[in-house]
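The structure appears below as structure tokens.
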Amino acid sequence: MIDKDDNNEETVLRTIVADDDPLVRRLIRDTLQRADVTVIAEASTGREAVELALFYRPDVVVMDYMMPEMDGIEATRRIYESDPSIRVVLLTGAGDEELGLRGLRAGASGYLSKEVELDALPRALRGALEGEAAISRQLAMKLIERYRAAPTGGAGLRPVRSRLTDREWEVLDLLSTGATTDQIAKNLVLSSETVRSHLKNLYRKLEVNSREEAVRAASKLRSLSGLPA
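Residue numbering for the sequence shown follows the working numbering, starting at 1 and increasing by one per position.
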């Protein structure tokens with residue numbers, strides 16, 4: 001959790017950096033430390049990342065998707081299943097939205113390209129901790145375009161018996177692509193406040209507390225109904 005001082009200002013965000021390349025770890029660490037983000041530990045394998053995350057309980061884990069012993073997506077899944085309060089932001093190759101989507105399904109709070117977006121990392125980590133999807137606009141739009149191009153795919157199918165309205169499912173479908181509140185609002189031609197209201201209703205109906213939990217709950221609903229997740 002981010003500590004706050006007497007003036008209610010952010011002071012500390014604790015993170016773990018997981019990447020098998022020591023030079024990349026150093027680059028990420030330096031980038032975060034310049035933004036007053038504390039790196040409390042570093043991991044060089046996916047298995048080590050899980051162990052350190054469950055030992056130190058950081059606010060956020062910065063996770064490379066390709067690591068020895070256990071890939072970043074499986075490590076993300078294990079961290080999320082053990083402690084959903086620990087946010088994980090995956091680092092992928094440029095424009096690799098398929099891996100990013102798999103990471104979101106595993107419980108990641110977002111994903112960024114380490115080739116072009118390291119400067120945005122500190123802000124993305126703070127956003128993830130506040131419940132926002134840590135994902136670039138470019139990659140989010142690519143996923144939204146995929147959603148539009150495949151309306152009969154798993155993301156567009158809905159269980160017949162569902163407490164969610166059609167509009168809430170539309171919001172949830174876009175949420176599963178990693179879209180932010182503002183991006184969902186623009187896509188559905190709604191105000192951001194209306195989208196937040198839909199999200200609040202979604203959380204209540206699905207009995208969840210975060211975007212990641214909502215996406216996983218929707219996937220489970222589809223699976224139980226015999227629909228592709």
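Built from N, CA and C at the ideal position, the CB exists for glycine as well.
Small disclaimer: the values here were computed from a predicted structure and weren't measured.
Just checking, does the segment 46-56 make contact with the segment 25-37 on the three C-beta pairs under 8 Å criterion?
no
What residue from 191, 130, 24, 202 has the CA that sits closest to residue 165's CA?
202
Check this for me: beta carbons of residue 108 and residue 88, under 7 Å apart or not?
In this structure, residue 88 lies closer than 7 Å to residue 108 by Cβ.
Might you give, ordered along the chain, the residues of its own chain that have their beta carbon closer than 8 Å to the beta carbon of residue 69, omitting 5 neighbours on each side?
Answer for residue 69: 45, 46, 47, 48, listed in chain order.
Would you decide whether residue 256 is buried or exposed? Buried here means 16 or more other CB atoms lie within 10 Å of its CB.
Nothing about residue 256 can be read from this structure; the chain reaches only from 1 to 229.
Please determine, among 134, 38, 12, the residue with the shortest C-alpha to C-alpha distance to residue 114.
134
Helix, strand or coil for residue 37, going by three-state DSSP, please let me know.
Three-state DSSP puts residue 37 in coil, outside helix and strand.
Going by DSSP, what residue range makes up the beta strand (DSSP E) through residue 18?
14-18
Can you give the Cα-Cα distance for residue 126 and residue 73, rounded to whole angstroms?
21 Å
So, is residue 106 buried or exposed, given that buried needs 16 or more other C-beta atoms within 10 angstroms?
Residue 106 counts as buried, since at least 16 other C-beta atoms from the protein chains shown sit within 10 angstroms of its C-beta.
Drop a sphere of 10 angstroms on the beta-carbon of residue 35, count the other beta-carbons inside from all chains shown, and report buried for 16 or more, exposed for fewer.
exposed
What is the DSSP secondary structure of residue 163, counted as helix, strand or coil?
In this structure, residue 163 counts as coil in the three-state DSSP scheme.
Can you name, in chain order, every residue of its own chain whose Cβ lies under 8 Å from the Cβ of residue 83, other than the five neighbours on each side?
Correct list, in chain order: 53, 54, 57.
Across which residues does DSSP place residue 62 in a beta bridge pair?
Bridge partners of residue 62: 17, 89.
CB of residue 200 within 7 Å of CB of residue 163, strictly:
no
Buried or exposed: residue 85, going by 16 or more other Cβ atoms within 10 Å of its Cβ?
exposed
With a 10 Å radius around its C-beta and 16 neighbouring C-beta atoms as the bar for buried, classify residue 64 as buried or exposed.
buried
What span of residues does the alpha helix (DSSP H) with residue 188 cover, start to end?
181-188
Distance between residue 171 and residue 91 (C-alpha atoms, nearest Å)
25 Å
Start-to-end residues for the alpha helix (DSSP H) that takes in residue 206:
Residue 206 -> alpha helix (DSSP H) spans 192-206.
Roughly how many angstroms separate the alpha carbons of residue 60 and residue 211, rounded to a whole number?
Each residue's alpha carbon lies about 16 Å from the other.
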